[in-house]
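Take a look at the structure below.
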Amino acid sequence: MRRKIRLALVVTAMMAAAVLLATAGQSLPQSQSSKPEPPRYLGAQACAACHAEITEKQQKSMLAKAMQPVPDCQILSSHKELKFQSGKFTFEIKRQGNQSMYTVSDGVAQISVPLLYCFGQGKSGQTYVYEYNGAKYESRVSFYTAINGLDFTLGYAKDIPANIVEAAGRQLSVDETRNCFQCHTTGATVNRQLKLDTMVPGVHCEACHGPGEKHVAAVKAGEKAGAGMKRLSDLDGDDINQKLCGDCHRSAEEVFELPNRAGINSVRFQPYRIFHSRCYSADRRIGCTACHDPHGDLETSAAFYDSKCLACHLVKNDKPTAERAARACPTGKSKCTDCHMPKIDLPGAHFKFTDHRIRIAREGAPYPN
Amino acid sequence: MVATIAQSVLMFVALLASVQDRETVRQSEAQFARGVEAQQKGDLDAARQAYEAALKLIPQRIDALSNLGVVYAKLGQYDKAAANYKAALAIDPNEHDIRLNLGIAYFQTHQIEAARKELAQVIAANPDKLQARQLLGVCLFQIGKLPEAIRELEIVYNAQPDNIGVAYALGTAYLQNDQIEQGRALIDKVFKFLPPAEGHLILGALNAATRNHVGAVEELRLAAKLNPKLPTVHTQLGVEYLITGNRDLAIDAFREELKNNPRDFMANLRLGWLLREDGLLDEAEPLLKLALEMRPDDIAALFHSAQLAQARGRVDEAVKMLERATELHKDFRQAYVLLARLYLKQKRTADADRLRAIIDRLNEEEQKRQPTADKLSEPPKAIDRPIKPPQIQ
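Line by line, the protein sequences give chains R and V.
Be aware that the first sequence starts at 1, since it is given in this note's numbering, and climbs by one per residue.
Be aware that the second sequence starts at 370, since it is given in this note's numbering, and climbs by one per residue.
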């Protein structure tokens with residue numbers, strides 16, 4: 001048989017198209033799910049109609065003050081003038097009525113903008129957000145309670161500003177802006193779109209329990225009380241830590257994505273730290289809410305926390321039970337956190353953070369990553 | 370006498386069969402010749418009919434099978450082309466030119482792994498077949514095996530330094546593999562030969578490789594504007610949008626890429642991952658499934674598919690994927706974290722503790738390697754040094 005094979009030597013000289021993968025010209029199956037109108041946030045007043053006591057308590061909590069608009073900001077109201085100098089740069093925040101002007105100068109150029117939002121309730125400090133040329137910026141300086149004044153915002157100290165705009169702060173990307181408001185306010189995002197006009201400053205009931213619209217409608221319709229709400233009581237300790245609280249306080253998975261995770265920086269990320277504790281499990285007794293009430297203020301008494309440790313751990317000579325069998329501390333039976341959850345001084349933060357990696361913290365031992 | 374008659378009948382039948390065979394061969398040859406003529410004239414439909422007629426008469430004709438495959442390829446019907454090439458190779462597996470065409474047909478239908486296997490066979494039999502090696506390099510690039518891709522493309526480039534196509538491919542592979550200077554040198558060489566859209570695309574890739582992500586977005590936007598169908602342009606733009614913190618634009622870009630190229634691995638993976646994060650699981654699932662099908666050992670595809678399975682409540686499936694991911698990448702701490710958490714849900718506390726011990730060990734090793742990684746622990750410095758303007762390319 002004669003061979004007359006004609007080959008399709010298709011590979012062309014211009015391999016660009018090949019590298020970039022020739023397209024088949026097919027169209028994408030249109031499987032995009034339509035986004036139904038999400039349930040609306042109703043605000044804490046709607047919750048208070050039935051849950052008055054706990055709502056009132058939560059409104060006074062630190063979480064409820066996680067973000068404040070400048071007119072309502074207690075720190076800026078009580079500090080009429082704040083100043084900070086670094087090299088040739090001067091940073092100043094001046095109260096004018098119910099507004100605060102942020103002015104940064106290098107002696108030649110100057111930028112002056114009104115601050116808009118105060119992030120952080122001030123237990124350790126507070127950072128400010130302002131607008132410049134249509135974009136949101138994070139202030140280069142923050143207020144620190146321990147020094148009752150301004151210093152560099154964490155992570156800024158080593159930056160060399162290229163100009164006065166950079167000296168004043170850092171432009172937040174679209175995603176960063178959304179993430180800031182998502183964690184420090186309630187209802188700031190709907191279908192991932194930032195809705196600053198309808199958001200409620202601070203973390204309130206619906207931030208954790210979900211938008212209340214369906215629930216209120218269900219209750220009004222005579223359905224059982226829990227209808228339409230997330231069932232947070234179904235969450236195990238791990239989900240509380242890594243999902244419910246970890247979404248904002250940084251889960252263990254998320255922290256591994258951070259560029260400067262290693263070292264002492266991670267002490268601020270409690271879900272990450274507690275994940276590394278030897279006693280970590282799915283038991284709700286190790287969940288954040290076992291020790292911290294999101295409806296109230298932070299407990300500071302050592303005895304309170306002792307009771308939480310002793311929910312699982314025996315005291316010397318105790319007999320183990322099915323629920324309580326973790327071994328007894330050989331050296332003490334109170335002030336557990338003093339030895340096992342040391343306070344770590346984070347340089348630049350002017351604050352000692354409790355390390356949530358529960359362990360035997362020996363004097364002089366390095367901080368475990 | 371009877372035997373003699375019988376013999377005569379048999380001889381007559383044999384003679385008749387031989388005459389018929391010759392006639393069949395003659396007719397088949399005539400059809401084949403018509404096919405070649407039509408093909409040369411560019412009348413592909415007539416050529417297809419002629420080759421099919423030739424094959425109906427003699428189904429085992431390698432030449433007709435091969436040429437019919439070529440016609441189908443030119444008609445864009447690569448599945449049919451591949452079927453004919455395979456039929457030809459079943460008759461003679463040593464027809465390496467046909468195998469090369471089969472590799473090309475697979476490549477054109479985005480069956481990259483299948484293409485890679487065929488092309489590797491061609492090169493094993495004929496190491497000087499540069500065309501096959503070039504395409505093999507491209508396939509390896511596509512499936513993320515960058516060092517292997519670079520090795521193949523370098524062989525071709527060294528033999529054909531004026532081959533702009535291979536220079537472009539190799540330059541792109543260098544950039545992806547963080548061999549920036551080598552990549553830049555080749556890009557400089559080919560840049561003037563590229564159409565404008567491709568030029569902006571490669572500049573975008575170069576900016577991305579050198580961490581100038583704002584510059585990369587600008588270049589890639591221009592490339593996409595000049596040629597919205599330019600393969601991978603939207604995927605690369607989507608990745609840069611993510612890096613520069615614009616997730617919504619990234620989602621739009623990946624969707625755009627998939628309209629043109631439904632089998633783009635990175636667009637499927639990234640879009641599936643983002644939609645999963647948004648809780649749009651129905652939409653995310655087929656994308657991640659396809660990504661994992663395309664690269665079963667890709668740890669990102671495994672990790673995000675596991676996250677999706679977990680969100681769907683399919684914990685056992687998620688566990689298997691994460692076990693595979695951690696087997697493939699023993700330093701993959703995020704996968705260990707998620708796997709440990711899933712073990713806790715399965716009441717496998719000892720397994721969870723074992724993984725947390727691995728994470729601890731990895732953390733300790735990291736701490737030893739980077740004793741000064743904690744940048745915030747350094748005291749703040751006054752910002753009074755000379756100011757340098759940012760370098761934007």
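The beta carbon of each residue, even a glycine, is placed where N, CA and C say it ideally should be.
Predicted, not measured: the structure shown is a model, and the values here were computed from it.
Pairing Tyr-130 of chain R with Phe-119 of chain R, the inter-Cα distance amounts to about 11 Å.
Exposure of Val-108 of chain R is indicated by the presence of fewer than 16 other C-beta atoms within 10 angstroms of its C-beta. Around the C-beta of Leu-691 of chain V, 16 or more other C-beta atoms lie within 10 Å, and the residue is accordingly described as buried. The Cβ of Asp-175 of chain R sits closer than 7 Å to at least one Cβ of chain V.
Between His-215 of chain R and Ala-227 of chain R the beta-carbon gap is near 6 Å, inside 8 Å, which marks them as a contact. By the Cβ-count criterion, Gln-270 of chain R is buried, with 16 or more other Cβ atoms from all chains shown falling within 10 Å of its own Cβ. For chain R, none of the residues of the stretch 674-696 of chain V brings a beta carbon within less than 7 Å of one of its beta carbons. By alpha-carbon distance to Val-608 of chain V, the top candidate from V:Asn-527, V:Lys-628, V:Arg-639, V:Asn-629 is V:Arg-639.
It is roughly 41 Å from the alpha-carbon of Ile-360 of chain R to the alpha-carbon of Ser-173 of chain R. For Gln-126 of chain R, the uninterrupted beta strand (DSSP E) run begins and ends at 125-132, by DSSP. The three-state secondary structure of Glu-92 of chain R, taken from DSSP, is strand. Per DSSP, the continuous alpha helix (DSSP H) segment holding Arg-502 of chain V begins and ends at 499-511. Separation of the CB atoms of Ala-670 of chain V and Leu-661 of chain V is rounded to 5 Å, and the pair is thereby assigned contact status at 8 Å. In the DSSP annotation of this structure, the continuous segment of the alpha helix (DSSP H) that includes Glu-587 of chain V starts and ends at 582-595.
For Glu-81 of chain R, the enclosing beta strand (DSSP E) has its first and last residue at 81-86. The beta carbon of Asp-283 of chain R does not come within 7 Å of any beta carbon belonging to chain V, so the residue lies off that interface. The Cβ-Cβ distance between Pro-211 of chain R and Arg-40 of chain R falls below 7 Å. The alpha-carbon separation between Phe-275 of chain R and Asp-720 of chain V amounts to approximately 15 Å. Leu-707 of chain V is not bridged by DSSP to any residue. Contact annotation, Tyr-128 of chain R with Tyr-117 of chain R: C-beta distance approximately 7 Å; criterion of less than 8 Å satisfied.
In the displayed model, Ala-322 of chain R falls within coil according to three-state DSSP, outside both helix and strand. Counting C-beta pairs with one atom in each stretch, the stretch 580-592 of chain V and the stretch 550-558 of chain V have fewer than three that are closer than 8 Å, which means they do not touch. Neighbours of Arg-357 of chain R across chain V, judged by C-beta separation under 9 Å, do not exist; the nearest C-beta is about 10 Å away. In this structure, R:Thr-354 is the residue among R:Leu-346, R:Asn-317, R:Thr-354, R:Val-255 with its C-alpha nearest to the C-alpha of Cys-291 of chain R. Between the stretch 488-502 of chain V and the stretch 466-479 of chain V there are three or more C-beta pairs closer than 8 Å, enough to call the two in contact. Using a Cβ-Cβ cut-off of 8 Å, Asn-369 of chain R is close to Asn-732, Glu-733, Glu-735, Gln-736 of chain V, given in chain order. Bridge partners of Glu-138 of chain R according to DSSP: R:Val-129, R:Arg-170. Taken in chain order, the complete alpha helix (DSSP H) segments of 4 residues or longer contained in the stretch 399-458 of chain V are 413-426, 431-443. Taking Arg-693 of chain V as reference, the option from V:Arg-681, V:Ala-680, V:His-673, V:Gly-682 with the minimal CA-CA separation is V:His-673. Around the beta-carbon of Gln-121 of chain R, 16 or more other beta-carbon atoms lie within 10 Å, marking it buried. The residues Phe-560, in chain order, have a CB closer than 7 Å to that of Gly-568 of chain V in the same chain once the five nearest residues on each side in sequence are set aside. In the DSSP assignment, Ile-492 of chain V falls within the alpha helix (DSSP H) that extends over 481-494. In summary, Ile-571 of chain V is buried, with 16 or more beta-carbon neighbours lying within 10 Å of its beta-carbon over all protein chains present. One Cα belongs to Leu-437 of chain V, the other to Tyr-420 of chain V, and the distance between them is close to 6 Å. Unbroken alpha helix (DSSP H) runs of no fewer than 4 residues, entirely contained in the stretch 606-638 of chain V, are found at 616-629, following chain order. Close to Asp-238 of chain R, with beta-carbon spacing below 7 Å, are these residues of chain V in chain order: Arg-710, Leu-713.
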